[in-house]
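Working notes, structure below.
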Amino acid sequence: MPGPVATTEMAELTLIDAVTAALAWELGHDNTVIVMGEDVGVNGGVFRATDGLQQKYGEDRVIDTPLAEAMIAGMAVGMAAEGLKPVAEIQFMGFIYPAVDQLINHAARLRNRTRGRLSCPMVLRAPFGGGIHAPEHHSESTEAMFAHMPGLRVVIPSSPARAYGLLLAAIRDPDPVVFLEPKRIYRLARQEVADDGAALPLDVCYTLREGEDVTLVTWGAMTHETLQAADALGGEGVSAEVIDVATISPLDIDTILESVARTGRLVIVHEAARNCGVGAEIAALVAEHGIYDLKAPVQRVAGFDTIMPLYQLEMDYLPGVARILDAVRVTLED
Amino acid sequence: MNSVAHFEIERVQYLDEQAQLAADAPPLANDRAAMTDLYRAMTRVRAFDAKAINLQRTGKLGTYASSLGHEAIHVGAARALEPADVFAPTYREHGVLLERGVRMSEILSYWGGDESGMAWSGPAQDFPYCIPIATQTLHAAGAAFAMKHRRQARCALAALGDGATSEGAFYEALNAAGAMRLPLVFLVINNRYAISVPVHKQTGAATLAQKAIAGGVPGIQVDGNDVIAVCDVLRQAAARARGGEGPSLVEALTYRIGDHTTADDAGRYRAGAEVEHARQVEPLVRLRRYLSARDWWDENAEQALRRDCDTRVNAAVKTYFARPGPDPAQMFTHLFARLPARLEEQLDTVRIYARPGGDD
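Chains as they are written, first to last, in our numbering: chain A, 15 to 348; chain B, 26 to 385.
So, in C-alpha cells, the structure goes:
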C-alpha cells in the first residue's frame with residue numbers, strides 16, 4: 015500500500031540550525047556516520063550545533079569524547095580508515111592546533127601514502143572567527159594554514175543553505191574535510207532551507223550577487239559585510255559582483271577569473287591576517303592568469319598582521335564595510 | 026589516611042637468558058613444530074633485515090630502520106593477531122609486516138622511495154608505517170572504536186617504542202582506550218634507546234608498563250627476547266580485547282642492537298660492551314640454544330634454513346630491482362579520490378618535466 019507522499023520540510027533556519035539539520039539528516043540516513051567531540055552529546059555542543067542528536071541517535075553514534083584534540087582527530091583517522099564516517103567537532107579553532115599533527119601527517123596523506131589502499135573520509139568541524147566577545151584564543155581565523163596543506167579540503171559556509179548543503183557534501187566526500195563555521199553569523203539570520211538531504215557542490219565558488227564594475231571575493235562571516243558594501247555601492251551607481259569562495263582549498267579560481275574578465279576590478283575581503291592569507295593566493299592566480307583583464311591593482315581588505323586582540327578591540331581588527339568601500343573606490347580611481 | 030589505589034607490574038619470562046625453560050611455561054614451549062616454525066620466521070626477519078642494511082650501504086635503498094634483535098617481538102605480535110585484526114606499526118616492525126603477508130619486495134619499495142610499497146599484499150586494513158612518533162596509537166584506537174561500534178570480535182594492536190611513551194598522543198590514546206574500553210593492545214617495544222636517549226632519561230617511571238595504570242588499563246612487562254613469553258602474553262592481550270574485556274598494554278623488553286637507522290651511528294652514544302652483552306641474550310641465539318637442547322634443531326636444519334632465507338631474500342631483491350619506478354604523475358593519482366580541476370595544470374607540468382628514469 016503506498017504510503018503518504020513525502021513532502022520536503024522547509025524551515026526557517028539559522029546557520030547553526032542548518033548544521034544541526036545536516037548532521038541529523040546524515041546520522042539518520044547513513045549508519046556509518048559518527049558525531050564526536052567534547053560536549054557534543056548530552057550538552058549538544060557549546061554552541062548547540064549537536065543539540066538533541068545524542069537523544070535521537072544514541073550514545074554510540076553521538077559521542078562525548080575525552081578532552082583531547084589530537085585524540086579526537088587521530089581517532090577520527092582510525093575510524094575513517096575502518097570505514098566509518100566520523101564528523102568530529104573541535105570546540106573552537108583556537109584549540110585545533112594539537113589536532114594539526116594528525117590532520118597534516120595522517121588525514122591529508124593516508125590515501126596517497128597507501129596508494130589508495132586506505133582513505134580518510136572524515137570531517138573536522140570547528141567554529142572560527144571573531145565578533146562574539148569571546149575570551150582569548152576563541153576568535154582567530156587561521157584557515158590559510160589548512161588551505162596550504164595538500165590533501166585537505168577546506169570548506170567554509172556563509173549562509174544557512176550553504177551550511178546545510180556543504181556540510182552534507184563534506185560528510186559524503188571520500189576525503190578529509192576541514193569544515194570551518196563562521197560563528198559570528200551562526201544566528202545572524204534565518205533562511206528557508208529545504209531539509210531534503212541535498213548536498214551542494216564542493217570545490218566551486220558561489221556567486222551571491224552579479225555585477226559589472228567590480229568583483230568582491232570573500233568567504234565566511236565577511237560575506238555579510240561584503241554584501242552590505244555591495245548594497246551601498248549600488249546606491250552610488252557601482253555594480254558589484256559578490257563571490258563566496260566557499261571551498262577555499264582546492265580553490266575554484268575559474269569563477270573568479272571569469273568575473274574579473276567582465277569587471278576588470280578585484281577586491282578580496284577576509285577576516286584572517288593578510289600575510290600569506292588565502293587572499294594572497296587568489297591575487298597571485300589572478301595576476302598569473304588574468305592580469306590583462308585588470309583595470310586597477312587588486313585590493314585586499316583583511317585582518318591586520320597582528321595578534322587578534324581581546325574583544326574590546328575585535329571590531330577594530332575585523333574589516334568593516336567602510337574599509338571594503340574604500341578599497342573598491344581605490345580600484346575605481348583612474 | 027586510606028590507600029585508594031595500588032598497583033604492581035608483573036614481568037613474564039619463560040625462556041631465560043641461558044635458554045632454560047621455566048616450569049610454568051605454556052604448552053607452546055613443548056610444541057616442536059610451533060617452536061621451530063617461530064625460529065624459522067624469526068630467522069627470515071633477520072635475513073631480510075641484514076639484506077636491507079646491505080642494500081642501503083651499497084646505495085640501493087634509502088634510510089632504513091633495522092629490526093635486529095626485535096625478531097621475537099615482531100613474530101610474536103604477528104602470531105597473536107588474526108588476519109582480520111588491525112596492526113598499526115611504527116617504522117621498525119618489518120617482521121610483523123612480513124609475517125602478516127607483506128612481501129619483502131614491497132617493504133623494500135617503500136624504503137626505496139616509492140609509496141606503492143604500502144599498497145601491499147598484507148592485510149588491506151593494516152596501517153602503513155608511521156614515521157611520526159606515537160601518532161599511530163590514536164589510529165589504532167579509532168580502528169578499535171569502529172570494531173567495538175560494530176560489535177566485531179576483532180582487535181587493534183599498536184606498536185610503539187620507549188621514546189613514544191613520552192608523547193602526548195600515546196597518553197591520549199591510552200586514556201581514550203581506558204575510558205571507552207576499546208579492543209586495543211598497546212605493544213611498547215622498549216629497546217632501551219630513542220635514537221641516542223636511553224630510557225632512564227626518557228622517564229622517571231620504574232617501568233613503561235605502569236604508564237597504563239593511570240589510563241585504567243592493565244599493564245604488564247614481558248621479556249621481549251623470549252618468544253614463548255611474547256607469544257603467550259600478546260595472545261592473551263589480543264584475546265582479552267576481542268572478547269570485550271578492554272585494552273591492555275604490554276611492555277616488551279629488548280635491546281636495539283643496530284643503529285637507530287642507517288643514518289645513525291650508535292657508537293657516538295653507547296658503549297660497545299653493552300651491545301656485546303645484548304648480543305649474548307638476543308632472541309635468536311636464545312631460541313636456537315633451546316631448540317638444540319631439545320634436539321629439535323641441528324646444523325643441517327640451520328644450513329637448510331639459511332639457504333631458504335637467502336633464496337627468498339634474493340628473489341625479493343630481484344623483484345624490488347625489477348619494479349618500475351613510480352610514474353611522476355602518481356603524485357597526483359591518490360591525492361584525492363578525484364583530482365580537483367585546479368591541479369590538472371600541475372599534473373601537466375610534472376609530465377612535461379618528468380626526468381627519464383626518475384631521480385636515482
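For every residue, glycine included, the Cβ atom is placed at its ideal position computed from N, Cα and C.
- For A/R125, the chain B residues whose C-beta falls within less than 9 angstroms of its own C-beta are H359, L360, F361 and A362, listed in chain order.
- When rounded, the separation of the alpha-carbon atoms in B/I214 and B/D284 is 16 angstroms.
- Under the criterion of beta carbons closer than 8 angstroms, B/T88 and B/A288 qualify as touching, at roughly 5 angstroms.
- Of all alpha-carbon atoms in B/T162, B/G188 and B/A277, the one lying nearest the alpha-carbon of B/E35 is that of B/A277.
- Of all C-beta pairs linking the region 91-111 of chain A to the region 148-162 of chain A, three or more are shorter than 8 angstroms, placing the two stretches in contact.
- Within chain A, the residues whose beta carbon sits less than 8 angstroms from that of B/S141 are R129, listed in sequence order.
- For the pair A/R125 and B/L372, the Cα-to-Cα distance works out to about 18 angstroms.
- For the pair B/H99 and B/E124, the CB atoms are nearer than the 8 angstroms cut-off.
- Taking 8 angstroms as the cut-off between beta carbons, the residues of the region 164-180 of chain B near chain A are H164, A165, A166, G167, A168, A169, F170, A171, M172 and H174, in sequence order.
- A/E157 and A/L117 have their C-alpha atoms some 13 angstroms from each other.
- About 17 angstroms separates the beta carbon of B/I245 from that of B/V224, a gap too long to meet the 8 angstroms contact definition.
- In the three-state DSSP reduction, A/E285 falls in the strand class (E or B).
- One alpha carbon belongs to B/A166, the other to B/I377, and they sit about 43 angstroms apart.
- The count of Cβ pairs closer than 8 angstroms, one atom from the region 263-280 of chain A and one from the region 51-60 of chain B, stays below three, leaving the stretches out of contact.
- At least one CB of chain A lies nearer than 8 angstroms to the CB of B/P365.
- Close to A/G165, with beta-carbon spacing below 9 angstroms, are these residues of chain B in chain order: L360 and F361.
- With respect to chain A, the C-beta atom of B/Q371 has no partner C-beta closer than 8 angstroms.
- Comparing C-alpha distances from A/V292 to each of A/V312, A/D31 and A/S263 shows the shortest one belongs to A/S263.
- Not a single CB atom of chain A sits nearer than 8 angstroms to the CB of B/P208.
- Contact annotation: in the region 195-221 of chain B, residues whose CB is within less than 7 angstroms of a CB in chain A are E197, A198, N200, A201 and A204.
- DSSP, reduced to helix, strand and coil, places A/G234 outside both helices and strands of the structure shown, so it counts as coil.
- Put simply, of A/G72, A/D53, A/E73 and A/A161 the residue whose alpha carbon is nearest the alpha carbon of A/E83 is A/D53.
- For A/I282, the closest of A/A275, A/E295, A/R276 and A/E272 by C-alpha to C-alpha distance is A/E295.
- With fewer than 16 neighbouring CB atoms inside 10 Å of its own CB, A/E23 falls in the exposed class.
- Cα atoms of B/R332 and B/L63: separation of roughly 17 angstroms, rounded to the nearest angstrom.
- Beta-bridge annotation (DSSP): A/V91 is not paired with any residue.
- Neighbourhood of A/A95 in chain B, by CB distance below 8 angstroms: Q150, F152, H164, G167 and A168, in chain order.
- Residue environment for A/M50: buried (at least 16 other C-beta atoms within 10 angstroms of its C-beta).
- In this structure, the beta-carbon distance from A/L27 to A/V207 falls below 8 angstroms.
- Around the C-beta of A/L327, fewer than 16 other C-beta atoms lie within 10 Å, and the residue is accordingly described as exposed.
- In terms of CA proximity to A/G334, A/A243 leads the group A/I146, A/D217 and A/A243.
- B/G350 is outside the set of residues whose beta carbon lies under 8 angstroms from a beta carbon in chain A.
- The way I'd put it, the region 314-324 of chain B doesn't touch the region 66-84 of chain B; fewer than three beta-carbon pairs between them come closer than 8 angstroms.
- Taking 8 angstroms as the upper bound on Cβ-Cβ separation, chain A lies near residues E140 of the region 115-140 of chain B.
- Secondary structure remark: continuous alpha helix (DSSP H) runs of at least 4 residues inside the region 242-312 of chain A, in chain order: 267-277 and 292-304.
- Of B/A194, B/E307 and B/N200, the smallest CA-CA separation from B/E42 is found for B/E307.
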